[in-house]
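Numbering (the working numbering), first residue to last: 24 to 241.
Cβ coordinates follow ideal geometry from the N, Cα and C atoms, glycine included.
Being a predicted model, the structure only gives us computed values, none of them experimental.
Take a look at the structure below.
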Ligand SMILES: NC(=O)c1ccc[n+]([C@@H]2O[C@H](COP(=O)([O-])OP(=O)(O)OC[C@H]3O[C@@H](n4cnc5c(N)ncnc54)[C@H](OP(=O)(O)O)[C@@H]3O)[C@@H](O)[C@H]2O)c1
């Protein structure tokens with residue numbers, strides 16, 4: 024049985040990704056600061072860890088051991104600048120680098136960025152960290168010399184607690200431009216994460232992909 028580690032697994036997109044991998048008979052390690060709404064499954068293991076404590080990441084990875092797929096999904100918006108940079112950018116890069124040494128050839132790393140990587144965002148640090156992780160993924164793909172396939176997923180608005188932080192008028196305005204006229208559901212984004220983690224062609228190493236956005240591009 025293969026193992027995936029998913030950050031931000033307690034709710035929203037990360038939790039939907041946990042369910043998708045469990046349905047497909049993966050062993051899943053979920054990371055978040057708390058799991059109030061517990062996920063009960065014999066193949067699921069919850070790891071409480073604050074990703075803003077980036078200096079503890081390499082010890083955390085040592086404790087976890089080998090994995091086959093890393094999903095860097097945890098993210099924060101409208102927080103203090105240093106905290107956003109730590110969680111949205113430094114932690115995913117540190118996790119990728121530390122786990123890479125324990126991942127077999129052909130493994131995958133998927134990082135969840137945002138359409139904001141391209142459009143910008145009212146929370147400047149949010150948009151900037153999302154653009155930075157798209158770029159960092161390209162660098163990691165080169166660093167790992169095709170041994171690990173690294174991609175970024177850039178969702179448009181998704182129906183989660185994070186979207187609830189955005190004023191309703193802005194959400195409405197964003198949705199008017201979307202093909203379905205509504206935010207994506209977490210399960211729809213989880214399908215794309217699963218695809219990138221298991222099926223994407225190695226030729227796409229380093230690329231980024233949109234889901235639930237106004238226009239599609241890679
Ligand atoms: N929702 C959207 O419209 C949207 C659109 C584009 C991209 N995204 C991206 O999609 C990803 C998931 O977002 P979401 O909408 O599912 O958000 P969410 O519902 O707010 O969930 C965020 C997850 O990240 C975890 N997390 C936050 N800070 C953490 C920390 N310091 N250490 C460990 N875990 C932490 C949270 O758990 P704890 O709070 O318990 O730690 C939670 O599990 C994020 O990267 C986000 O930027 C979201």
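With contact counted as at least three CB pairs below 8 angstroms, one residue from each stretch, are the segment 155 to 164 and the segment 193 to 212 in contact?
No, the segment 155 to 164 is not in contact with the segment 193 to 212.
Identify the continuous beta strand (DSSP E) that holds residue 50 and give its terminal residues.
The sequence position of residue 50 within the chain shown is 27, counting from 1. 50 to 55 is the extent of the beta strand (DSSP E) around residue 50.
Report the CB separation of residue 152 from residue 107 in whole angstroms; it is logged as a contact under 8 angstroms.
Here residue 152 refers to the residue found at position 129 of the chain shown. Here residue 107 refers to the residue found at position 84 of the chain shown. Their Cβ separation, rounded to whole angstroms, is 6 angstroms, which keeps residue 152 and residue 107 in contact under 8 angstroms.
Residue 170, DSSP secondary structure in three states
The count along the chain shown starts at 1 and reaches residue 170 at position 147. The answer is coil: DSSP assigns residue 170 none of H, G, I, E or B.
Just to check my reading of the structure: residue 220 and residue 116 have Cβ atoms closer than 8 angstroms, yes? What is that Cβ distance to the nearest angstrom?
Counted from its first residue, the chain shown places residue 220 at position 197. Counted from its first residue, the chain shown places residue 116 at position 93. About 18 angstroms; that fails the 8 angstroms criterion.
First and last residue of the uninterrupted alpha helix (DSSP H) at residue 77
Counted from its first residue, the chain shown places residue 77 at position 54. Neither: residue 77 is in no alpha helix (DSSP H) and is coded neither H nor E.
Determine the direct distance from the alpha carbon of residue 192 to that of residue 229, and round the result to whole angstroms.
Reading the chain shown from its first residue, position 206 is the one you call residue 229. Reading the chain shown from its first residue, position 169 is the one you call residue 192. The straight-line gap from Cα to Cα measures roughly 35 angstroms.
Strand pairing of residue 131, partner residues [DSSP]:
Walking along the chain shown from the start, residue 131 turns up at place 108. According to DSSP, residue 131 bridges with 92, 172.
Residue 45 (DSSP reduced to helix, strand or coil)
Here residue 45 refers to the residue found at position 22 when the chain shown is read from its first residue. In this structure, residue 45 counts as helix in the three-state DSSP scheme.
Select from 24, 216, 210 the residue whose C-alpha is nearest the C-alpha of residue 243.
Look at the range of the chain in this structure, 24 to 241, and you will see that residue 243 is not part of it.
How many Å lie between residue 243 and residue 170 at the Cα?
Limits of the chain in this structure are 24 at one end and 241 at the other, which puts residue 243 out of reach.
Looking at residue 213: is its Cβ nearer than 8 angstroms to the Cβ of residue 40?
For this step, residue 213 is matched to residue 190 along the chain shown. For this step, residue 40 is matched to residue 17 along the chain shown. Their beta carbons are under 8 angstroms apart, which means residue 213 touches residue 40 by this criterion.
Exposed or buried, residue 56, counting other C-beta atoms within 10 Å across all chains shown (16 or more means buried)?
Residue 56 sits at position 33 when you count from the first residue of the chain shown. Counting Cβ neighbours within 10 Å, residue 56 comes out exposed, since fewer than 16 surround it.
May I have a chain-ordered list of the alpha helix (DSSP H) segments no shorter than 4 residues that lie completely inside the segment 98 to 159?
With a minimum length of 4 residues, the continuous alpha helix (DSSP H) runs that stay inside the segment 98 to 159 are 104 to 108, 114 to 123, 139 to 142.
Between which two residues does the alpha helix (DSSP H) carrying residue 192 extend?
Locating residue 192 in the chain shown gives position 169, counting from the first residue. Residue 192 -> alpha helix (DSSP H) spans 191 to 199.
Outcome for residue 129 when other beta-carbon atoms lying within 10 angstroms are tallied against a minimum of 16:
If you number the chain shown from 1, residue 129 lands on position 106. So residue 129 counts as exposed.
Residue from 148, 64, 60, 59 whose Cα sits closest to the Cα of residue 49
Against the chain shown, residue 49 aligns to sequence position 26. Looking at the Cα atoms, 64 is the closest of the given residues.
Sub-8 angstroms separation of residue 100 and residue 185 beta-carbons
Here residue 100 refers to the residue found at position 77 of the chain shown. Here residue 185 refers to the residue found at position 162 of the chain shown. Pairing residue 100 with residue 185 gives a Cβ-Cβ distance under 8 angstroms.
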